[in-house]
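Let me begin by presenting the structure, written as structure tokens, before commenting on it.
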Amino acid sequence: MGEKPALKGWAAAALIAGLAACASMPPPHQQMGAARAMVAQAHTVAAQDAPLELSTAQTKLARAEEAMKREDYVNARILAEQAEVDAKYAWTLAENARAQRASAEVNQGINALRQELERRGQ
Amino acid sequence: MRPLWLVPVLFAAGCALTPEADNAVQSARSTYQQSAASPHVQLRAPVELQVAARSLAEADRLARSGAHPAVVAHHAYLAEQHARIAMASADYRKAEAAVATSGEQRNRVLLEARNRELETKKTMRSRQAGDQLAAEMERLQSQVSELKAQPTERGWVLTLSGDLLFDSGQAVLKPGGEKAVENLSQFMRKETDRGITIEGFTDATGSEALNRRLSEQRAQAVKQALVARGVEAQRIEARGYGPAFPVATNETAVGRQLNRRVQFVIAPQPHASTGGTR
């Protein structure tokens, strides 16, 4: 069991270093701004086509705002970064749903045209 | 005694990566690999794919360097979301491209239909024209019992016996020949965009030069008869070949009779100089 104390000490050192890093972390204003902007952008298109993903992003942003108030910048940063990526995912899903609808509509139009022409050609 | 294999595992995981963080990294890697393996995503969302790759590499680096499991899991989560964004981006860009080129596609459909229509019309027209001509030839043939009509590469070839049209050694149409020419002129007046070649032939009896001149004069006589019946002279070409191109032996009387002939070649294509009215 000779290695046990050594391991313990190593883990403790890492934890302390981590906490030290956390304590010195500045408020994540940039990440908060990016998350708010992305959630707002997604909100306009994703409410209908990606409501779950949008709601996840909104919840995380709200929790990030709370963490900011508590000056818990570690969690604020993590939540803000996740809110931003979740909002971007929601936006992309909504964009995809919209594009698929447009594409289906156009294809339907082209198929109708083709059928009409074939019918007329006979 | 603690199993020895735990030592390197613990060491590699730094501050003992939790199963949750480890699962997050595995899940992110699997989603990323799925997106990166798709040529569709490579083509349409290379930037998003790169962001996902960087996030995953960061999660791996943090896991190796012993960062807090929550931080590792966080970066793994970001990587997985970026991979999903890459796939959804590729999908919506593909659909958008399809919409953007729909005008072209529409035009292509219209063009294809137009070409099909033209092709059908052309085929029908040429079939109709072919059928019509064949029917005319049959009619002509029935009117002149001696007439043989054959479709060839040069066009329809009508063969009339020289003995029916002319007396021996003469280049003046006989009454029997007049009737055949009349029928032919009716056909030519109807088929206003077709040219005709009149070819005179003789048997091999006598001087070749004389025979050639005689065949030429006979072809000319038929041409003049057609012109007199209102067929434009520029649509008619008259040639005399004498004994050349025999269709039968010149050794027998029957063979010689077959060789004495006038052929009418009716061009398969509309006559270029007169233009088409159909």
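Just so you know, the sequences run in chain order A and B. Residue numbers for the first sequence follow the numbering used here, so the first one is 1 and each next one is one higher. Residue numbers for the second sequence follow the numbering used here, so the first one is 1001 and each next one is one higher. Glycine included, every Cβ here is placed at the ideal spot set by N, Cα and C. Keep in mind it's a predicted model, so treat the numbers as computed, not measured.
1) What is the DSSP secondary structure of residue 992 of chain B, counted as helix, strand or coil?
2) Which chain A residues are close to residue 1105 of chain B, counting only those with a beta carbon under 9 Å from its beta carbon?
3) Looking at chain A, is there any beta carbon in it that lies within less than 8 Å of the beta carbon of residue 1018 of chain B?
4) Distance check for residue 60 of chain A and residue 77 of chain A, CA to CA, integer angstroms please.
5) For a contact meaning CB atoms closer than 9 Å, what does residue 1095 of chain B contact in chain A?
6) Is there a Cβ from chain B that is less than 8 Å from the Cβ of residue 115 of chain A?
7) By DSSP, does residue 1238 of chain B sit in helix, in strand, or in coil?
8) Could you name the residues of chain B that residue 89 of chain A contacts, counting a contact when the two beta carbons are closer than 9 Å?
9) Looking at the C-beta of residue 1028 of chain B, does it have a partner C-beta in chain A at a distance below 8 Å?
10) Using beta-carbon positions only, say whether residue 967 of chain B and residue 1187 of chain B come within less than 8 Å of one another.
11) For residue 1149 of chain B, which residues does DSSP report across the bridge?
12) So is residue 1102 of chain B in contact with chain A if we call contact Cβ pairs under 8 Å?
13) Below 9 Å on C-beta distance, what does residue 59 of chain A contact in chain B?
14) Confirm, please, whether the CB-CB distance from residue 1035 of chain B to residue 1086 of chain B is below 8 Å.
15) Assuming residue 80 of chain A contacts residue 46 of chain A (C-beta within less than 8 Å), just tell me the rounded distance between them.
16) I need the straight-line Cα distance from residue 976 of chain B to residue 1155 of chain B, nearest angstrom please.
17) With respect to the beta strand (DSSP E) encompassing residue 1261 of chain B, which residues constitute its N-terminal and C-terminal limits?
To lay it out plainly:
1) Lying outside 1001 to 1278, the shown extent of chain B, residue 992 of chain B is not represented and no answer is given.
2) Translated into positions along the second sequence, residue 1105 of chain B becomes position 105. In chain order: 106, 107, 110.
3) In the second sequence, residue 1018 of chain B corresponds to position 18, counting from 1. It does not; no Cβ of chain A falls within 8 Å.
4) On the first sequence, residue 77 of chain A is found 77 positions in, with the first residue counted as 1. On the first sequence, residue 60 of chain A is found 60 positions in, with the first residue counted as 1. When rounded, the distance between both Cα atoms is 11 Å.
5) Position 95 of the second sequence holds residue 1095 of chain B. In chain order: 96, 98, 99, 100, 101, 102, 103, 104.
6) Counting from one through the first sequence, the residue named residue 115 of chain A turns up at place 115. No - not a single Cβ of chain B is within 8 Å of the one on residue 115 of chain A.
7) By one-based count along the second sequence, residue 1238 of chain B stands at place 238. Note: residue 1238 of chain B maps to strand in three-state DSSP.
8) Residue numbering aside, residue 89 of chain A sits at position 89 when the first sequence is read from its first letter. Residues of chain B passing the Cβ test: 1081, 1082, 1084, 1085, 1088.
9) If you number the second sequence from 1, residue 1028 of chain B lands on position 28. So no, residue 1028 of chain B is outside the interface.
10) Limits of chain B in this structure are 1001 at one end and 1278 at the other, which puts residue 967 of chain B out of reach.
11) As a working note, residue 1149 of chain B is residue 149 in the second sequence. When beta bridges are read from the DSSP output, residue 1149 of chain B appears opposite B:1158.
12) Your numbering for residue 1102 of chain B matches position 102 in the second sequence. Taking Cβ atoms only, chain A reaches closer than 8 Å to residue 1102 of chain B, which makes this a yes.
13) The count along the first sequence starts at 1 and reaches residue 59 of chain A at position 59. Neighbours of residue 59 of chain A on chain B: none; closest Cβ ~14 Å, over 9 Å.
14) Locating residue 1086 of chain B in the second sequence gives position 86, where the first residue counts as 1. Locating residue 1035 of chain B in the second sequence gives position 35, where the first residue counts as 1. It is a contact, given that the beta carbons lie within the stated cut-off.
15) As a first step, residue 80 of chain A must be located in the first sequence, where it is residue number 80. As a first step, residue 46 of chain A must be located in the first sequence, where it is residue number 46. Actually they are not in contact, since the Cβ atoms of residue 80 of chain A and residue 46 of chain A sit about 18 Å apart, beyond 8 Å.
16) Only positions 1001 to 1278 of chain B appear in this structure, which leaves residue 976 of chain B out of reach.
17) Position 261 of the second sequence, counting from 1, holds the residue named residue 1261 of chain B. First-last of the beta strand (DSSP E) with residue 1261 of chain B: 1261 to 1266.
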